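In this note's numbering, the protein residues as written are 378 to 937.
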């Protein structure tokens, strides 16, 4: 939109120092309707010049000997819209006949010459033409100002538009990034869920198989013990019995690892000083790793105790160290470090503080495919016969059972880092307890024992072990049969029962037995690690497979 500029009053400047030239010139200019201002010399005239000057009227004698440089400089620095007109009254004519006038024209630019004598009408007409031209210059100034304002406004609009486009682009990019992150997170979550479901299914299968094997191994180990006692001792027989016993014990160790992976092993979590635990294993680790592997310990003082099962953590650490040794056949370095970590909400672990046990080797490392399967049971990259593939699976199950986590990171050629995160315990670390040696003849007292198990082989072998200890044993194949014995009034000093039985579980039997005989000691012998969450009774337990010595110790602790 073009700005309409009201006409401003213009004035003409007159420089005519001789006689009445200034007064006459001013009078003639004012006849044309223009205000005039008279200047005594060229310096004052230059100082008076401004945008409201319509034109300048000078006489030849006023500038013939004057320094025109200030005036020429002012004229040269006019704005682009301005070309101030000059009127020069001469006595010698214009530049076509007057060389001096030609130099003035070259120096001053927009000069109109009027030669004396002239008719007043000529000057008035010239003045009006100059004023009209000057006003057009001022209109051009307004138009240029409007144009500049328009350009500024357009630039502002463009800048604002660019800012809006940038903001919108940033919003779209942010939304796109969020969508990609959401899709990636969803994919990770789904993959984790698939892995958890896969591991849970495998865990249920292996847990059930391990439980059944524990039952079978209980019968095998019990009968082997009795055979060793009853057969005449000779090298050939002893060698066969030793081989059978070792095989059964290795089977028991395997089922224990399966239960660990399935998170069904019996744990005794207590506040544990992991730094003391690691230091206590120093000699064992050095002997296991050999002289070619340097062990570095980073065990900060003042770490809080972790809630852990000391025996299982020692076994887990030994497993990790042995894995590291196998990954460094030419030697290397093993770093074992402890640290305190805080887990925020919305993590794969429950929020809180954790003690981190890190085992880091400089071995060959694993590729991504191997790393993704590292905790699968029976998966191993070792040669046949050199590993069961249950080490990391057991540690993973142990960590989950302790409400912690196992985190693995590996890179081929740079080694493997395994981190076991365990929750911080509330109490103080318990001192290590050394079990006293208790012989198989612990209980000299003859007891009346009620043995309940639906498995004939287990019932037969366990009864034989108990009778070998000198006790009187009454066998029952179900909970209902056991209750009949209790209701009959027969003397019973201790009830030993299996957990998983048809019709009535061992826990249900214990609850019913307590109602019949409130003070009756009860021992739960089972291949399972955990009882159902709804179980009200806290029963002492004996894990299968057990041997006669363990059976005797448990009986002594309950009955004396």
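Cβ coordinates follow ideal geometry from the N, Cα and C atoms, glycine included. Note that this is a predicted model, so its numbers are computed, not measured.
Measure from the alpha carbon of residue i to the alpha carbon of each residue in the options, then state which is nearest.
{"i": "residue 355", "options": "427, 595, 664 and 613", "result": "Outside the displayed span of the chain (378 to 937) sits residue 355, for which this structure offers no information."}
{"i": "residue 458", "options": "728, 518, 629 and 695", "result": "518"}
{"i": "residue 678", "options": "628, 535 and 717", "result": "717"}
{"i": "residue 793", "options": "904, 769 and 780", "result": "769"}
{"i": "residue 418", "options": "430, 448 and 936", "result": "448"}
{"i": "residue 898", "options": "655, 858, 833 and 825", "result": "825"}
{"i": "residue 876", "options": "462, 589 and 603", "result": "589"}
{"i": "residue 783", "options": "796, 547 and 568", "result": "796"}
{"i": "residue 429", "options": "443, 460, 437 and 478", "result": "460"}
{"i": "residue 872", "options": "936, 832 and 847", "result": "936"}
{"i": "residue 950", "options": "597, 622, 570 and 500", "result": "Look at the range of the chain in this structure, 378 to 937, and you will see that residue 950 is not part of it."}
{"i": "residue 646", "options": "687, 664, 674 and 608", "result": "687"}
{"i": "residue 676", "options": "656, 827, 485 and 868", "result": "656"}
{"i": "residue 707", "options": "473, 416 and 670", "result": "670"}
{"i": "residue 740", "options": "866, 709 and 747", "result": "709"}
{"i": "residue 476", "options": "437, 462, 502 and 456", "result": "437"}
{"i": "residue 452", "options": "443, 463 and 442", "result": "463"}
{"i": "residue 747", "options": "720, 786 and 425", "result": "786"}
{"i": "residue 514", "options": "455, 398 and 565", "result": "455"}
{"i": "residue 866", "options": "827, 553, 532 and 672", "result": "827"}
{"i": "residue 701", "options": "496, 605, 426 and 791", "result": "791"}
{"i": "residue 597", "options": "620, 568 and 857", "result": "620"}
{"i": "residue 800", "options": "734, 404 and 539", "result": "734"}
What is the C-beta distance between residue i and residue j, in whole angstroms, given that I count them as a contact (C-beta under 8 Å)?
{"i": "residue 925", "j": "residue 845", "result": "7 Å"}
{"i": "residue 488", "j": "residue 409", "result": "Residue 488 to residue 409, Cβ: 19 Å. No contact."}
{"i": "residue 798", "j": "residue 781", "result": "5 Å"}
{"i": "residue 859", "j": "residue 886", "result": "6 Å"}
{"i": "residue 412", "j": "residue 386", "result": "6 Å"}
{"i": "residue 654", "j": "residue 713", "result": "About 11 Å; that fails the 8 Å criterion."}
{"i": "residue 392", "j": "residue 422", "result": "5 Å"}
{"i": "residue 916", "j": "residue 890", "result": "That pair is no contact at about 11 Å."}
{"i": "residue 901", "j": "residue 933", "result": "With a Cβ gap of about 17 Å, residue 901 and residue 933 do not count as contacting."}
{"i": "residue 849", "j": "residue 823", "result": "7 Å"}
{"i": "residue 779", "j": "residue 685", "result": "6 Å"}
{"i": "residue 738", "j": "residue 711", "result": "5 Å"}
{"i": "residue 439", "j": "residue 494", "result": "About 18 Å; that fails the 8 Å criterion."}
{"i": "residue 732", "j": "residue 651", "result": "6 Å"}
{"i": "residue 663", "j": "residue 672", "result": "6 Å"}
Taking residue i as part of the beta strand (DSSP E), name the residues at either end of that continuous run.
{"i": "residue 869", "result": "Segment: none, residue 869 is in no beta strand (DSSP E) and carries neither H nor E."}
{"i": "residue 404", "result": "First-last for residue 404: 398-408, but that is the alpha helix (DSSP H), not the beta strand (DSSP E)."}
{"i": "residue 489", "result": "488-492"}
{"i": "residue 893", "result": "It is not in any beta strand (DSSP E) - residue 893 instead sits in the alpha helix (DSSP H) that spans 883-893."}
{"i": "residue 826", "result": "825-829"}
{"i": "residue 388", "result": "388-392"}
{"i": "residue 949", "result": "Nothing can be reported for residue 949: it is not among the residues displayed for the chain, which extend from 378 to 937."}
{"i": "residue 730", "result": "729-738"}
{"i": "residue 780", "result": "Unbroken run through residue 780: none, as it is neither H nor E."}
{"i": "residue 852", "result": "849-853"}
Anyone know if the C-beta pair for residue i and residue j falls short of 9 Å?
{"i": "residue 896", "j": "residue 855", "result": "no"}
{"i": "residue 511", "j": "residue 432", "result": "yes"}
{"i": "residue 852", "j": "residue 591", "result": "no"}
{"i": "residue 406", "j": "residue 466", "result": "no"}
{"i": "residue 682", "j": "residue 722", "result": "no"}
{"i": "residue 618", "j": "residue 593", "result": "no"}
{"i": "residue 729", "j": "residue 789", "result": "no"}
{"i": "residue 483", "j": "residue 468", "result": "no"}
{"i": "residue 599", "j": "residue 842", "result": "yes"}
{"i": "residue 666", "j": "residue 704", "result": "no"}
{"i": "residue 919", "j": "residue 903", "result": "yes"}
{"i": "residue 680", "j": "residue 726", "result": "no"}
{"i": "residue 674", "j": "residue 771", "result": "no"}
{"i": "residue 434", "j": "residue 389", "result": "yes"}
{"i": "residue 622", "j": "residue 607", "result": "no"}
{"i": "residue 478", "j": "residue 490", "result": "yes"}
Between which two residues does the alpha helix (DSSP H) holding residue i run?
{"i": "residue 833", "result": "833-845"}
{"i": "residue 652", "result": "651-657"}
{"i": "residue 699", "result": "687-704"}
{"i": "residue 856", "result": "856-864"}
{"i": "residue 669", "result": "That residue, residue 669, is in no alpha helix (DSSP H); it is neither H nor E in DSSP."}
{"i": "residue 928", "result": "925-935"}
Using only the heavy atoms of the ligand MG, determine whether one of them is closer than 8 Å to the beta carbon of residue i.
{"i": "residue 891", "result": "Ligands are entirely absent from the displayed structure, and the ligand MG is therefore not among its contents."}
Quick one: complete alpha helix (DSSP H) runs, 4+ long, within the region 423-482? As far as the region 423-482 is concerned, its whole alpha helix (DSSP H) runs of at least 4 residues are 437-440 and 446-453.
Going residue by residue through the region 601-632, where are the continuous beta strand (DSSP E) segments of at least 3 residues, counting only ones entirely within it? Counting only runs of 3+ residues, no beta strand (DSSP E) is found wholly inside the region 601-632.
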